[in-house]
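What follows is a short report on a single structure.
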Amino acid sequence: MRFRPCIDLHHGKVVQIVGGSLDERSANSLLTNFVSEQQPADYARLYQNAGLRGGHVISLGEGNQEAALQALRAWPGGMQFGGGVRPDNAADFLDAGASHVIVTSYVFSAGHINRERLDTLVGAVGKDKLVLDLSCRKRNGKYFVVTDRWQTFTEQVVDAALLETLSHSCAEFLVHGVDVEGLRQGIQEDLIELLGAASPCPVTYAGGVSRLDDLDLVMRLGKGRVDLTIGSALDIFGGEVPFESVLQWQQRQ
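At position 11 of the sequence shown (counting the first as 1) the number is 68 in the working numbering, and the numbers step up by one without a gap.
Have a look at this one:
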């Protein structure tokens, strides 16, 4: 298990948000936990100096192109990029320094996987450079993939069958527990258990971390097979979990 860092961008600023509030149809819907005065590249260099490879830079909406490129160029090959990635622009982010590109909405349409689009994307960047974002929300006791800034439910249930099917088309999965993202009130334990038991390829979970002990909890629930992202809870994003303590935890593994 690894700790995976993040750089979330909104209007060109490094932010931490309450994930379920990101609805661009309503200008006043966004709930922000933190807005940084530091540049995206500053965070990228922080992670590079700590040796935290494999985190992600996520563009939350429009207006983040330059900020994203700045972060990727600061640490070539060190971080993944997601946000509006398509076959016609994926190479731009890889050329700028992204190790992988992360995709959700492009490969889902009418509530289901669009196999033609997925195959086109794999053809454009290669399976080994593609991360599929299966961020999800719970409905009727099951986790469904959500798209369009996490506002639209698809018909795709996150289960062993979906993970097995999609693992043949990507290198990794990224899964935000959207219902708890940014709330700092606890992780979605059943989702982590599912990912640890069923994912055939590396998978990173994000959402709800509130304390340092959650690292050990995720390690146990995911059987060491689920990596963890911590955002709003970290002190570098205004939270109470010391970044240095997370580094020390990682060094002990």
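Beta carbons are placed, not taken as given, at the ideal position from N, Cα and C, and that holds for glycine.
Beta carbon of residue i nearer than 8 Å to that of residue j
i: Q105; j: V71; result: no
i: F294; j: F138; result: no
i: G272; j: L285; result: Note on residue identity: the sequence assigns Leu, not Gly, to residue 272. Yes. Within cutoff.
i: C63; j: G112; result: yes
i: A167; j: A128; result: no
i: I244; j: V266; result: yes
i: I170; j: D190; result: no
i: G239; j: G288; result: yes
i: V182; j: C227; result: no
i: C322; j: E229; result: Nothing can be reported for residue 322, as the shown portion of the chain is limited to 58 through 310.
i: L151; j: V164; result: no
i: A124; j: L66; result: yes
i: S162; j: D99; result: no
i: R130; j: A147; result: no
Nearest neighbour of residue i, chosen from the options [CA to CA]
i: N121; options: P97, Q137, R206; result: P97
i: F201; options: D185, F150, L220; result: L220
i: R241; options: K199, L291, R282, G281; result: L291
i: A155; options: Q208, L274, K186; result: K186
i: S256; options: S302, A124, L223; result: L223
i: G140; options: L103, R130, L126, P133; result: L126
i: V283; options: S302, P299, E250; result: E250
i: R143; options: A131, L274, W132, E173; result: E173
i: N197; options: R277, E212, W207, Q208; result: E212
i: L248; options: W132, K184, F210, K195; result: K195
i: G180; options: M276, A218, H225, F300; result: H225
C-alpha distance - residue i paired with residue j, whole-angstrom precision
i: D216; j: L231; result: 14 Å
i: V203; j: G279; result: 22 Å
i: M58; j: Q310; result: 8 Å
i: R61; j: T261; result: 8 Å
i: S93; j: E297; result: 16 Å
i: Q307; j: G108; result: 10 Å
i: D236; j: I74; result: 12 Å
i: G69; j: L304; result: 27 Å
i: E246; j: V114; result: 25 Å
i: G118; j: W207; result: 12 Å
i: W132; j: A254; result: 32 Å
i: L274; j: D149; result: 38 Å
i: G281; j: L252; result: 11 Å
Per DSSP, the bridge partner or partners of residue i
i: I115; result: D65, G139
i: F300; result: For F300, which the question treats as bridged, DSSP gives no partner whatsoever.
i: K199; result: R196
i: T204; result: T209
i: Q73; result: F91
i: F294; result: In DSSP, F294 forms no bridge with anything.
i: S166; result: H169
i: L189; result: V160, F230
i: V214; result: F201
Start-to-end residues for the alpha helix (DSSP H) that takes in residue i
i: T177; result: 172 to 182
i: D271; result: 271 to 278
i: D152; result: 147 to 153
i: L240; result: Looking at the DSSP string, L240 is not in any alpha helix (DSSP H), and its letter there is neither H nor E.
i: L251; result: 246 to 255
i: R102; result: 97 to 107
i: Q122; result: 122 to 131
Boundaries (first-last residue) of the beta strand (DSSP E) holding residue i
i: D284; result: 283 to 286
i: L223; result: First-last for L223: 217 to 224, but that is the alpha helix (DSSP H), not the beta strand (DSSP E).
i: E229; result: 229 to 233
i: Y262; result: 260 to 263
i: I159; result: 158 to 160
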